[in-house]
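*Asks:* Quick one: the structure is below, and I'll ask about it shortly.
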Amino acid sequence: MIGLLFTLSQPVCEAFNLDVDNPSVYSGPNGSYFGYAVDFYLADSSSVLIGAPKANTSQTDVTEGGSVFYCPWSLGQSECHATKFDNEGNVLLSVFFPGNRAIQLNDTEYQADFKSRQWFGATVRSHGDTILACAPLYSWRTGKDTPHSDATGTCYLSVHNFSKFVEYAPCRTGYCQGGFSADFTTDGKVVLGGPGSYFWQGEVIAAAKEEIVKAYYPGYFLQSVMGQIQTKQVRSEHDDSYQGYSVAVGEFSGDQLEVMETLYLQMGSYFGYAVATTDINNDGMTDLLVGAPMFMVRASEGRLEEMGRVYVYLQRGPLNLEIQLPHLTGTQAFGRFGSTIAPLGDLNQDGFNDVAISCPFGGEDRQGLVYIYNGYSDGLREKPSQVITGQWAAGTIPASFGFALRGAKDLDMNGYPDLIVGAFGVNKAVLYRSRPIVNTSASLTVSPHMINPEEKNCMITSGNNFQVEVRLDSHKHKQRSAVKRALFLDSHQPLLQRSVRVRRGERVCNHTKIYLRDEKDFRDKLSPIYLALNFSLDPKAAADSHGLRPVLNYQTTNVYEQKAQILLDCGDDNICVPDLKLAVQGDRKEVYLGDDNSLTLTFNAKNEGEGGAYEAELYVVLPPEADYSGIARNNEFVSGDIIILWAGLRFTVPRLKDTHKNVQFELQIRSKNENNSHSEVVPYKLEVVVQADVILQGVSRPDKIFFPPANWKATKSYGVEQDIGPAVEHIYELVNNGPSQISETFLELRCPLRSQNHNLLYPLKFSTEGLINCTTVNMSHRFPVRCMINSGMLPLAVPHPPPPPSFSSCSNTECWTLQCKVGLLEKGTTAILKVHSRIWAETFMENAYKQYLLECLARYSVNKMPYAILPKYAPSGHKKVVTPVVWNKPDIENSVPLWIIILAILAGLLLLALLIYVLYKFGFFKRSLPYGTAMEKAHLKPQAASEA
């Protein structure tokens, strides 16, 4: 019997439960950078604040002054509308009191500030019913005679649910960019960062919001309030430190007083571009996270890539920060991982706060990514539990999805914090709500564990909706055969699916039965029958009152497995132990670079142990140079009690590299039997060889030279080539039949030029085809080598052919030499050399009726092959091209005198006339009838007469 036990506890949440399928998307004016800053506002109702620092407003003479949009939330989409923190245009001043902290507004005389492109809404933060919105590029001119204005920055506070608006600009004394970053402390203090102060040393300013509201008076521009504190200017070596570029608030001193935490920016990696504080490991102390979005990582090939990094500092004591290793490093080049860090609160309600980290230019097509990391007792988990991808592809301006993040607030009041993500490049902001996650536990039991096939009546008995599936022979343990050995009694199938409704805290138990098929229906008796229980939430279950569907805890084990054995005839332990043996042979030991290298491996496999090695398989680990091409043959025979399998496999090995001198196959026999299921791995090694079959071919055109030459006359002066004698062309082809390439070959041609002061050949020119370059050697030089020439002069009357050519010493023979270098020849390619010459007719005419064999000798040697592996031998060889000089017999020897011809004709005619006369005398020309005279016909028999 199979028992299914479900135990449900209080539903809890994991970070992956942010509902990315049904987000709330808010849109703002085009080009307004809507979504540059975001925050929650839960004072009067559930709503979202979204900054649009380039939005146009109704302020007089102000362009792109910037705005903050108020977006109420409900299950249905709602419209966003701009909140008017400041309705006035640029300030015009007429009276200035030096040294006084208050500046009085009066009649127009000069423009004191500049609100166009001030980026109001670049920073937005909320605390209770108070909203802080800043314009870090707001500019102020301190006097009428001041030639320019400074980007001092300014901020506005909205208090008591938009009933009152107060300006707070503590940086009007000089360049500051106040409000570039901002935050609230837990008790409501305003913290502003101004990275431009004191020659970019930067400063941080803090004041209670109550004091700011109390001190504000329309028409006066306050530079400080009661209880305001701020950092001071320090030594010049701290210039360009950008203090206040980002700020976060946390308790680090141990006295329960919150400290403003601001990081100095390092220009290389932008360490401190983003900072955040939260208690990650639930030890009661605030921890610190620091982003460095331009941190460089050295890639595998050695070059640096900008990946981004986030550093986690765990507070072990007052102001005692311990860095957590390993660091969180981005995986998207130029994705700017760590640009924004947002504490999310305890998403999974496990007592550890979670964190969102943005990668605004990461993902496919730079859509932007947001990573969710869970906190635990040792800090922040190394791997994200959820990755949210932006919905908008990058355009002219990237969507910058994730540039702004805000979490740790429960907008829909379902008990789980939510997350807002800004994408100012497409003027969007997205709200992701958290879904509750169901945490379950289950168990699967099987009884009995051993099945006897002989016992024919034996059977194995083994508030949210769950879909429960139980599978036999589960997917992790698939059989080679499609036939399942056991089936469920209820369904007669290997799969049983049920829907079970389980209430919170309830325990549910289900029982079902399975049965074994008949033995003739399956072969595998050795492997266990696996049973797998898999459960999931019912996708048809209704959503909760907040419109959200719960999900299973991603850390919950939702697959459970058990197994049952079939009783075997393998001893008391019911364990069959095979002993697999494998022998391998191949039809070659070498493979050649450049060849397909067909290979056949034959193997013998046998089992010398007890029990069946069922469903045995041959595993072949192919080297990357090889491909499988087919099965050669397959035979099986029995030797005693042992079954032996003999088969062959065909491969090709075409992708050889000269960096490896050997190629190795590995073969192994494996069985589905879990006991001793593998044979030893048998290697088969092939040697990688460099080898090329190179041949040199040659031919003479024409193949014979006949003397005397036609239309040739001896002359003392040679005006044209034809005066020399007959033309002859020698053609040489150097062919690489492979399989390997040859890259450098020396080719030399030697032909007899002169012999015994007689000219033989007159070289005219040579031409080449292919990668071949030739040069001639000085023709007047006598080489200490042997040239090919037959110097024997034999009369034509000799009835047998001339003897074969012989070598004569170059002391008497002058050679013409051509030396060539042949470049890369791949398999099947050819280099061609053509030599055009003429034969000195005068020399041969002086020795008429003699037969010569003019022989040119070409030889080659391969000097280099383009491989790191050296060839076992370097190809070389030679080729002789012979041009016979053949004499025709003179016409005078074959002529007959004319009088003899006439006399012969007359004698023939006389003899013919005499013959005719004799025949006439004997009656040869008289006509005779077939059956004699008429008298003779009369004596013939009637039948013969009729036939006649």
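Under mature numbering (1 follows the signal peptide of the UniProt record, and there is no 0), residues -15 to -1, 1 to 933 are what the sequence shown spells out, in order. C-beta: ideal position from N, C-alpha, C; glycine also.
Would you call the CB atoms of ALA233 and ALA261 closer than 8 Å?
*Replies:* Yes, Cβ-Cβ distance for ALA233 and ALA261 is below 8 Å.
*Asks:* With distance defined between alpha-carbon atoms, name the residue in GLN103, THR68, ALA526, LYS689 nearest to TRP872.
*Replies:* Nearest option by C-alpha distance: LYS689.
*Asks:* Please state if the CB of ILE197 and the CB of GLN215 are separated by a distance shorter than 8 Å.
*Replies:* Contact flag unset, no.
*Asks:* In the DSSP assignment, find the alpha helix (DSSP H) that holds TYR905 and state where it starts and stops.
*Replies:* Taken as a continuous stretch (DSSP letters only), the alpha helix (DSSP H) holding TYR905 covers 883 to 906.
*Asks:* Whole alpha helix (DSSP H) runs in the segment 158 to 205 with 4 or more residues, listed along the chain?
*Replies:* Complete alpha helix (DSSP H) runs here, min 4: 182 to 185, 194 to 200.
*Asks:* May I ask you to list the residues that DSSP assigns as paired with TRP801?
*Replies:* The partner list for TRP801 (beta bridge, DSSP) reads CYS736.
*Asks:* Across which residues does DSSP place PHE575 in a beta bridge pair?
*Replies:* Just to set this straight, residue 575 is Glu in the shown sequence, not Phe. According to DSSP, which records beta bridges pairwise, GLU575 is partnered with GLU672.
*Asks:* So within the segment 798 to 876, which uninterrupted alpha helix (DSSP H) runs reach at least 4 residues, ignoring any that extend past its ends?
*Replies:* Correct list: 826 to 831.
*Asks:* Could you give the first and the last residue of the continuous beta strand (DSSP E) run that contains GLN371?
*Replies:* 371 to 374 is the extent of the beta strand (DSSP E) around GLN371.
*Asks:* For LEU313 and VAL340, I'd like the C-alpha separation in whole angstroms.
*Replies:* Rounded to the nearest angstrom, the two C-alpha atoms are 12 Å apart.
*Asks:* What is the DSSP secondary structure of MET773, counted as helix, strand or coil?
*Replies:* Annotation note: pLDDT 44 at MET773 (below 50); position unreliable, coordinate value reported separately. Residue state, collapsed to three classes: strand.
*Asks:* Report buried or exposed for PRO687, applying the criterion of at least 16 other Cβ atoms within 10 angstroms of its Cβ.
*Replies:* By the neighbour-count rule (16 or more Cβ atoms within 10 Å), PRO687 is not buried but exposed.
*Asks:* Which residue from LYS394, LEU883, PRO132 puts its Cα closest to that of VAL33?
*Replies:* The residue with the shortest Cα to Cα distance from VAL33 is LYS394.
*Asks:* On the DSSP letters alone, give me the boundaries of the beta strand (DSSP E) that TYR11 sits inside.
*Replies:* Residues 9 to 12.
*Asks:* Which residues does DSSP list as the beta-bridge partners of PHE636?
*Replies:* LEU584, TYR613.
*Asks:* If VAL675 sits next to MET850, beta carbons under 8 Å apart, how far is it from one beta carbon to the other, in whole angstroms?
*Replies:* The Cβ separation is near 6 Å, so the contact holds.
*Asks:* Helix, strand or coil: which one does DSSP assign to GLU491?
*Replies:* Reduced to three states, the DSSP call for GLU491 is coil.
*Asks:* Is any non-hydrogen atom of the ligand FAD found closer than 7 Å to the C-beta of ARG102, if you look at the structure I gave you?
*Replies:* This structure lacks the ligand FAD; in fact it carries no ligand of any kind.
*Asks:* DSSP state of PHE150, grouped into three classes?
*Replies:* Correct three-state label for PHE150: strand.
*Asks:* Looking at VAL406 and LEU390, is the spacing between their C-beta atoms short of 8 Å?
*Replies:* It is a contact, given that the beta carbons lie within the stated cut-off.
*Asks:* Report all residues from its chain with a CB closer than 6 Å to the CB of ASN2; omit the five preceding and five following residues, and keep chain order.
*Replies:* So the list reads SER419, ARG420, ILE422, VAL536, once near-sequence residues are dropped.
*Asks:* If you compare alpha carbons, which of THR814, THR730, GLY178, TRP185 is closest to VAL847?
*Replies:* Out of THR814, THR730, GLY178, TRP185, THR730 has the C-alpha closest to the C-alpha of VAL847.
*Asks:* Given 8 Å as the limit, is there contact between the segment 815 to 824 and the segment 633 to 652, that is, 3 or more CB pairs closer than that?
*Replies:* Output reads no: the segment 633 to 652 does not touch the segment 815 to 824.
*Asks:* State the Cα-Cα distance for the pair TYR183 and ASP224, rounded to the nearest angstrom.
*Replies:* So the alpha carbons of these two residues sit roughly 7 Å apart.
*Asks:* Taking DSSP's pairing of strands, which residues face LYS698 in a bridge?
*Replies:* Answer is none; LYS698 lacks a bridge partner.
*Asks:* I'd like the span of the beta strand (DSSP E) that includes THR753, first residue to last.
*Replies:* Run containing THR753: 746 to 754, per the beta strand (DSSP E) assignment.
*Asks:* When DSSP labels each residue in this structure, what does ARG110 get in the three-state scheme?
*Replies:* Here ARG110 sits in strand by DSSP.
*Asks:* Considering only C-alpha positions, which residue in the set TYR717, LYS864, SER728, PHE909 is nearest to VAL820?
*Replies:* The option with the nearest alpha carbon to VAL820 is TYR717.
*Asks:* Ends of the beta strand (DSSP E) at ILE308?
*Replies:* Where ILE308 is concerned, the enclosing beta strand (DSSP E) stretches over 305 to 308.
*Asks:* Does the Cβ-Cβ distance between GLU811 and GLN726 come in under 8 Å?
*Replies:* Yes, these two residues count as a Cβ contact at 8 Å.
*Asks:* Just to confirm my understanding: we take SER583, look at its own chain, exclude 5 residues before and 5 after, and list those with CB closer than 6 Å. What are they?
*Replies:* Hits under 6 Å: THR637.
*Asks:* Hey, quick one: how far does the beta strand (DSSP E) through TYR141 stretch, first residue to last?
*Replies:* 139 to 144 is the extent of the beta strand (DSSP E) around TYR141.
*Asks:* Distance check for ALA859 and PRO869, CA to CA, integer angstroms please.
*Replies:* Rounded to whole angstroms, PRO869 to ALA859 spans 33 Å at the Cα level.
*Asks:* Would you decide whether SER428 is buried or exposed? Buried here means 16 or more other CB atoms lie within 10 Å of its CB.
*Replies:* Flag for SER428 reads exposed.
*Asks:* Could you pull out every unbroken beta strand (DSSP E) segment of at least 3 residues lying fully inside the segment 471 to 555, listed in chain order?
*Replies:* Here the runs fully enclosed are 471 to 473, 480 to 487, 492 to 501, 514 to 522, 544 to 551.
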